[in-house]
Amino acid sequence: MPRILRVLAPNPGPLTLQGTNTWIVGARPSLVIDPGPDDPEHIREVHREADPVGAILLTHHHPDHAPGADLLAHVSGAPVLAFRPVANEHKLTDGAIVPGGDTTLRAVHAPGHTPDHLVFFERESGALFTGDTVLGRGTSLIDPPEGDLAAYMRSLSIMLSLAPRVIFPGHGPAVWSAVEKLREYVDHRKDRERQVLAGLEEGARTAEELVPGIYSDYPKELYPAAARSVLAHLLKLAREGRVARIGRPVDERFALASGASCERCGRPVVPGSRLCARCGVAALQEAPPGPGRTTEAGGDAHSGPSSETTGGRGST
Ligand SMILES: [Zn+2]
Ligand SMILES: [Zn+2]
């Protein structure tokens, strides 16, 4: 097993737990994962422990993971590698192997927390470096539109297929029951999804309206964050055709889909409707008031079939 060392960044907080974990893997040269914030003291300590550095790897570009990479690259001379490189960084593709002195890391694309998120797998030890996709404590934040729950669920299965032995997360302690932790994450989201669907059985709701019923055991300060998580579930369910989106984006509500599709665009509709909310508005605009005119679909020469609206509403 290669040397695996953690240097904790001095940025504790509600989302970062006790701070960002900067991981140093192997030696002569070592590989550094997530230098963390741009804190000179922290970067000096990372450099002292990691020297010589072969490469600096970023799980993603959030401010608690990436900004220290510039300074570490400057003092160590090592390149910075990321899935979506910015400035002088280099591209790391899904499946790429990064060699260190006595180990290699495989980059695995694991979107969901962010679209560009990578996790890193060290095969010999079974160590999986998960960044913000799996934390040592609590759950990962999936905040739309950057966060995508459907992608995240696929990423959890990909990580399970690696059969890791230990998880070294971006925040919180190492997790030695790695597979159990990943299964727990999958089950947790499936439970939440059931709760969201149950909440919609009463009628159309916004994400915020669903929160108190689902998070009744949690303090109210957490409700705004919980609403983002519920929204991530609703958007996933909408894309799967199990939930319909009603109204304008500013006051959007969600309802259980009736199983029927909009006659124009094929999106799910609420029970009793032939058109989804968006096509209903379009039909109203297309049909000027006048004797004998109706606002129903198909009643207007301008309202052709709907291929231009097919394909959803540009959600992430
Ligand atoms: Zn993050
Ligand atoms: Zn983070």
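For the sequence shown, numbering that gives the first Met the number 0 puts the final residue at 315, and the numbers step up evenly by one.
Each residue gets a CB set at the ideal place from its N, CA and C atoms; glycine is no exception.
Three-state class that DSSP yields for A77 in the structure shown: coil
Pair within 7 Å by beta-carbon distance, L233 and V242: yes
Beta-bridge pairing of L7 - partner residues as DSSP gives them: N20
Outcome for G291 when other beta-carbon atoms lying within 10 angstroms are tallied against a minimum of 16: In this prediction, G291 scores a pLDDT of 47, lower than 50, which makes its location untrustworthy; no coordinate-derived value is stated.
Neighbourhood of ligand 1 [Cβ distance below 5 Å to any heavy atom], ordered by chain position: H61 and D131
Contained alpha helix (DSSP H) runs [length at least 4] in the stretch 213 to 240, N- to C-terminal order: 222 to 238
G169 CB to nearest heavy atom of ligand 2 below 6 Å: yes
Contained alpha helix (DSSP H) runs [length at least 4] in the stretch 46 to 91, N- to C-terminal order: 68 to 75
Alpha-carbon spacing of R227 relative to T205, whole angstroms: 11 Å
Exposure of E200, with buried meaning 16 or more beta-carbon neighbours within 10 Å: exposed
The beta strand (DSSP E) enclosing S29, as first and last residue numbers: S29 to I32
Any non-hydrogen atom of ligand 2 within 6 Å of D63 CB: yes
Enclosing alpha helix (DSSP H) for D282 [first to last residue]: In the sequence as displayed, the identity of residue 282 is Ala instead of Asp. Here the alpha helix (DSSP H) through A282 covers A276 to E285.
Buried versus exposed call for L91 [16 or more other C-beta atoms within 10 Å across all chains shown]: buried
Contacts around Q334, its chain only, beta-carbon distance under 8 Å, and the 5 residues preceding and following it disregarded: The chain is shown from 0 up to 315; residue 334 falls before or after that span and cannot be answered.
Segment contact flag, the stretch 85 to 104 with the stretch 131 to 150, C-beta cutoff 8 Å, min 3 pairs: no
Completely contained alpha helix (DSSP H) runs for the stretch 168 to 211, where each covers 4 or more residues: 177 to 199
Proximity to M0 [Cα-Cα], best of A126, Y222 and D142: A126
Among R263, E251, P267 and I157, the one whose alpha carbon lies nearest that of S257: P267
Beta bridge counterpart(s) of T102 as assigned by DSSP: Beta-bridge pairing links T102 to no other residue.
Bounding residues of the beta strand (DSSP E) (the contiguous stretch that carries A150): Segment L148 to S160 is the alpha helix (DSSP H) holding A150; no beta strand (DSSP E) there.
I96 (DSSP reduced to helix, strand or coil): strand
C-alpha distance - A300 paired with R247, whole-angstrom precision: With a pLDDT of 36 at A300, under the threshold of 50, the modelled position of that residue is not reliable, and no figure is offered here.
Nearest residue (CA-CA) to E183, options G212, E145 and S139: S139
Own chain, CB closer than 6 Å to T15, minus 5 neighbours either side, in chain order: D63 and H170
Classification of H73 by the beta-carbon crowding that lies within 10 angstroms, buried from 16 upward: exposed
Boundaries (first-last residue) of the beta strand (DSSP E) holding A243: V242 to I245
Burial state of Y217, where buried means 16 or more other Cβ atoms lie within 10 Å: exposed
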